[in-house]
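The letter at position 50 of the sequence shown is residue 239 when you use our numbering, and the numbering goes up by one with no holes. Working notes, structure below.
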Amino acid sequence: MSRITMREAISQALWEEMERDPAVFIMGEEVGVWGGSYAVTKGFYDHFGGDRVRDTPIAEAGIVGAAIGAALVGQRPVAELMTINFAFVAMDHIVNEAAKLHYMFAGQFKLPLVIRTVGGGGRQLGATHSQTPDAIFAHFPGLKVVAPSTPEDAKGLLKSAIRSDDPILFIEHATMYQVRGDVADGENLIPIGKSKIQRPGKDVTIVTYSKGIEISMKAADELAKDGVEAEIVDLRTLRPLDMEPVFESFKKTNRAVVVEEGWKSFGVGSEIASRIYEECFDYVDAPIKRVAQDEVPLPYNRTLEQAALPQADDVIAAVKEVL
190 MSRITMREAI SQALWEEMER DPAVFIMGEE VGVWGGSYAV TKGFYDHFGG
240 DRVRDTPIAE AGIVGAAIGA ALVGQRPVAE LMTINFAFVA MDHIVNEAAK
290 LHYMFAGQFK LPLVIRTVGG GGRQLGATHS QTPDAIFAHF PGLKVVAPST
340 PEDAKGLLKS AIRSDDPILF IEHATMYQVR GDVADGENLI PIGKSKIQRP
390 GKDVTIVTYS KGIEISMKAA DELAKDGVEA EIVDLRTLRP LDMEPVFESF
440 KKTNRAVVVE EGWKSFGVGS EIASRIYEEC FDYVDAPIKR VAQDEVPLPY
490 NRTLEQAALP QADDVIAAVK EVL
């Protein structure tokens with residue numbers, strides 16, 4: 190095992206897959222000479238060359254459109270969008286082409302495309318650069334949406350995504366690149382579409398993913414001081430959504446809190462709560478609580494930004510309420 194950062198885990202996954210398969214190449218804004226806006230691809234340009242590490246213009250529709258074309262003719266592009274907010278510029282390509290071409294052509298074409306992008310708030314980048322619109326993209330069948338919370342999952346899921354023949358949106362949280370965790374040395378693929386129990390417990394089920402794991406773990410540590418054992422389920426993938434570990438946990442605890450950084454309205458939490466009610470109604474001992482970002486464009490001011498984002502104290506309050 191090696192203890193590395195999320196940034197290093199993602200970088201290792203990309204490097205190893207590029208070494209393994211010459212069809213894998215990277216394209217995006219500043220991914221080459223500059224080494225990436227988050228330093229994930231630092232050193233790649235010198236090692237792999239400009240043909241496989243391609244700097245692009247500031248044109249997200251062009252980046253995704255070209256990547257779709259490359260995937261259709263047998264390449265395995267990893268297209269980087271500097272933030273998920275810029276994915277709106279390429280929305281038509283992502284949800285009307287990448288997500289649908291395999292289906293519309295009756296399987297005659299494969300689309301092995303990974304779109305790496307960065308989501309979430311907390312870095313004082315203002316309302317238009319700090320959004321968490323994960324649920325919007327997870328709405329569309331044909332597009333897989335992955336959002337890891339640990340370095341181990343980030344590496345294993347990204348390697349699986351690059352080897353997949355399906356289009357995958359791979360969302361990395363902006364504030365988690367320095368998060369450290371143990372990652373197994375050598376080959377370590379993690380299947381896409383499998384949720385995971387990140388912390389066992391018996392009193393309440395907390396369902397979350399990505400940044401939500403970090404704040405839920407902090408909340409669970411505090412709750413444990415009062416004798417409350419929270420079980421934390423990490424979704425890891427929003428589409429396909431693996432609810433079995435959630436159901437199994439809920440049937441044990443009979444109470445649930447769903448934590449997400451996105452807005453509560455029409456969000457991931459709404460979907461999780463609805464499915465629990467539909468499949469586990471006889472086990473419900475308290476209304477399911479949702480913890481999410483306040484329903485405002487995220488403020489620039491740091492104090493206001495942190496006030497609007499979900500925090501560990503919000504999770505603790507929700508758990509105490511369902512208990």
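Beta carbons: idealized from backbone N, C-alpha and C, even for Gly.
How many whole angstroms separate the CB atoms of residue i and residue j, which I take to be in contact at a CB cut-off of 8 Å?
i      : j      : result
Ala212 : Gln297 : No, Ala212 and Gln297 are not in contact; Cβ-Cβ is about 19 Å, not under 8 Å.
Gln320 : Ile379 : Not a contact, Cβ separation roughly 27 Å.
Ser384 : Arg425 : 6 Å
Ala256 : Met216 : 6 Å
Ala268 : Leu427 : In fact, because the Cβ distance is near 19 Å, the residues do not count as touching under 8 Å.
Ala462 : Arg479 : 6 Å
Ile351 : Val335 : About 11 Å; that fails the 8 Å criterion.
Thr397 : Val447 : 7 Å
Phe359 : Ile304 : 7 Å
Does any CB atom of chain B fall closer than 9 Å to the CB of residue i?
i      : result
Asp474 : Protein chain content of the structure displayed is limited to a single chain, and chain B is not contained in it.
Of the residues the options, which one's Cα is nearest the Cα of residue i?
i      : options                           : result
Glu208 : Phe237, Glu484 and Glu218         : Phe237
Glu449 : Trp204, Asp342, Ile252 and Ala507 : Ala507
Gln495 : Val511, Thr442, Gly254 and Gly311 : Gly311
Ser200 : Gly451, Lys333, Phe233 and Gly251 : Phe233
Glu218 : Phe455, Met365, Ser459 and Ile247 : Ile247
Ser399 : Thr245, Arg491 and Pro322         : Pro322
Gly416 : Arg464, Lys391 and Val447         : Lys391
Leu300 : His282, Leu346, Gln313 and Glu437 : His282
His362 : Glu376, Asp374 and Ala343         : Ala343
Met271 : Gly401, Gly309, Asp235 and Gly258 : Gly309
Pro266 : Met280, Asp374 and Asp355         : Asp355
Pro486 : Thr245, Ile252 and Gln313         : Gln313
Val284 : Lys333, Asp483 and Glu418         : Lys333
Lys348 : Asp210, Leu493 and Ile395         : Asp210
Asp471 : Thr492, Lys440, Glu460 and Arg491 : Lys440
Thr442 : Asp423, Pro429 and Ala475         : Ala475
Can you list, in chain order, the residues of its chain with a C-beta nearer than 6 Å to that of residue i? Leave out the 5 residues immediately preceding and following it.
i      : result
Gly315 : Tyr489
Arg369 : Arg192 and Thr194
Val278 : Glu249 and Ala250
Asp130 : For the chain, the structure presents residues 190 to 512; residue 130 sits outside this window and is missing.
Ala198 : Pro340, Ala343, Lys344 and Val372
Ala202 : Lys344, Leu347 and Lys348
Residue i to residue j, Cα distance in whole Å?
i      : j      : result
Gly514 : Glu286 : There is simply no residue 514 to check, as the chain begins at 190 and stops at 512 in what is shown.
Tyr466 : Val435 : 12 Å
Val262 : Ser353 : 15 Å
Thr230 : Arg243 : 11 Å
Ile325 : Val372 : 31 Å
Thr306 : Ile421 : 25 Å
Tyr292 : Gly331 : 8 Å
Thr393 : Pro340 : Residue 393 is actually Val in this sequence, not Thr. One C-alpha to the other measures close to 26 Å.
Gly451 : Gly239 : 37 Å
Lys453 : Glu510 : 18 Å
Leu302 : Gly254 : 11 Å
Ile477 : Ser438 : 14 Å
Arg464 : Ala419 : 20 Å
Ser338 : Ala260 : 27 Å
Cys469 : Trp223 : 50 Å
Arg241 : Gly221 : 9 Å
Gly458 : Thr245 : 36 Å
Asp235 : Phe329 : 37 Å
Gly258 : Gly345 : 26 Å
Asp423 : Leu512 : 21 Å
Lys407 : Ala481 : 16 Å
Glu206 : Thr364 : 25 Å
Leu493 : Glu484 : 13 Å
Arg491 : Glu376 : 40 Å
Ile252 : Ile395 : 37 Å
Phe214 : Ser405 : 36 Å
Got a sec? Which residues, its chain only, sit under 7 Å from residue i by beta carbon, not counting five neighbours each side?
i      : result
Phe294 : none
Lys289 : Gly331
His318 : Thr272 and Asn274
Pro389 : Glu420
Can you name, in chain order, every residue of its own chain whose Cβ lies under 8 Å from the Cβ of residue i, other than the five neighbours on each side?
i      : result
Phe455 : Ala324
Arg196 : Tyr227, Ala228, Val229, Tyr366 and Gln367
Ile386 : Glu420, Ile421, Val422, Asp423, Pro434 and Ser438
Asp374 : Met190 and Ser191
Pro429 : Lys333, Ile381 and Gly382
For the pair the stretch 396-413 and the stretch 491-502, tell me if three or more CB-CB distances fall below 8 Å. yes
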